[in-house]
């Protein structure tokens, strides 16, 4: 179930076991708050406990879960980082004594709400313990949101506070936060304070929400690929002023050019936009942006840019010149050759 369904379910029935899986930090925070609301502040003092399985054995959490609530309806137990549900071998939480926990899963304490927070993209569903946890628990989804879900939640949050946001402003907000819901909600709070109950406009977002490094590098690459040296130089100098490491910029530029190239080739082979994100293992919003930009460029042009960046990266790492100057020479040479080609 998602967070909306969880909120509705908790109003009528509380289960003894929950598994919250995913890495979306804002969703995880909101889900924690929903469980906290089941207890009064006084009950939280007496009947709440939290365990990090990177630090302790799950036997401690089970012992606490088996205790009856003290002057309250429930005990609330949060168990973080259950690495034994994944295939990760370097996690200390993967080396746990699970026998007692497996027994508890079969007959949980009805007056305890035990919530497992698994901040992982994937679980190892082949494991016996994972299968048992999923079977016995109510599973809550805290994975990265689809763009449509993200926009809907942002609009709902604003509406609850008596505010609206224009469509153009919402698109720009999602763009500038790179489809990151947690980051977007932080920016919404800033926009709410500034707008003072007035509609949030595109201009407000442009003035108050900074572009991500990804967006700035995309703008730089656009200028380079389009042969606009003056604009490319302007973007590049802005990135240097912001103290961005040139080696990091080069690596990010390679990553973005490679993504444009992959999307260009895959779409030419007939792959639908909806399948690109899962096939490339890339956030859907990055794919959407790259898809929009890829139409402007030819495959050979992108291959040439990628090869040039790889060569520049090698020269930087082997000390064959000043890094800042090497990237600048890449821009000049690429644009000059493009115009004379």
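Numbering (full-length UniProt numbering), first residue to last: 1 to 341.
Ideal Cβ positions, reconstructed from N, Cα and C, are used throughout, including at glycine.
Bear in mind the structure is a predicted one, so any value in this text is a computation, not a measurement.
Under 8 Å between C-beta atoms of residue i and residue j
i           : j           : result
residue 312 : residue 330 : yes
residue 6   : residue 39  : no
residue 179 : residue 158 : no
residue 234 : residue 213 : no
residue 172 : residue 206 : yes
residue 316 : residue 247 : yes
residue 263 : residue 299 : no
residue 202 : residue 166 : yes
residue 144 : residue 283 : yes
residue 335 : residue 232 : yes
residue 216 : residue 192 : no
residue 104 : residue 56  : no
residue 170 : residue 154 : yes
residue 229 : residue 332 : yes
Per DSSP, cross-strand counterpart(s) of residue i
i           : result
residue 49  : 77
residue 27  : According to DSSP, residue 27 bridges with nothing at all.
residue 116 : 19, 79
residue 219 : Looking at the DSSP assignment, residue 219 forms no beta bridge with any residue, so it has no partner.
residue 342 : Residue 342 falls outside the range modelled here, since the chain spans only 1 to 341, and no answer is possible.
residue 140 : 20
residue 200 : 165
Rounded Cβ spacing between residue i and residue j (contact assumed at less than 8 Å)
i           : j           : result
residue 123 : residue 85  : 5 Å
residue 69  : residue 97  : Between residue 97 and residue 69 the Cβ distance is about 26 Å, and since that is not below 8 Å, they are no contact.
residue 266 : residue 306 : Actually they are not in contact, since the Cβ atoms of residue 266 and residue 306 sit about 16 Å apart, beyond 8 Å.
residue 257 : residue 291 : Actually they are not in contact, since the Cβ atoms of residue 257 and residue 291 sit about 14 Å apart, beyond 8 Å.
residue 17  : residue 136 : 5 Å
residue 164 : residue 199 : 5 Å
residue 102 : residue 72  : 27 Å between Cβ atoms; not a contact.
residue 23  : residue 119 : 5 Å
Close Cβ partners of residue i (< 6 Å) along its chain, the five nearest in sequence each way excluded
i           : result
residue 80  : 52, 117
residue 182 : 25, 26
residue 225 : 297
Close Cβ partners of residue i (< 7 Å) along its chain, the five nearest in sequence each way excluded
i           : result
residue 319 : none
residue 31  : 3, 6, 20, 140, 142
residue 59  : 97, 100
residue 194 : 204, 208
residue 250 : 309, 312, 313, 316, 327
Neighbourhood of residue i by C-beta, 8 Å cutoff - its chain only, sequence neighbours within 5 removed
i           : result
residue 218 : 256, 289, 293
residue 75  : 47, 48, 49, 64, 65, 67, 68, 69, 109, 111, 112, 113
residue 131 : 125
message: Going residue by residue through the region 239 to 276, where are the continuous alpha helix (DSSP H) segments of at least 4 residues, counting only ones entirely within it?
response: 246 to 268
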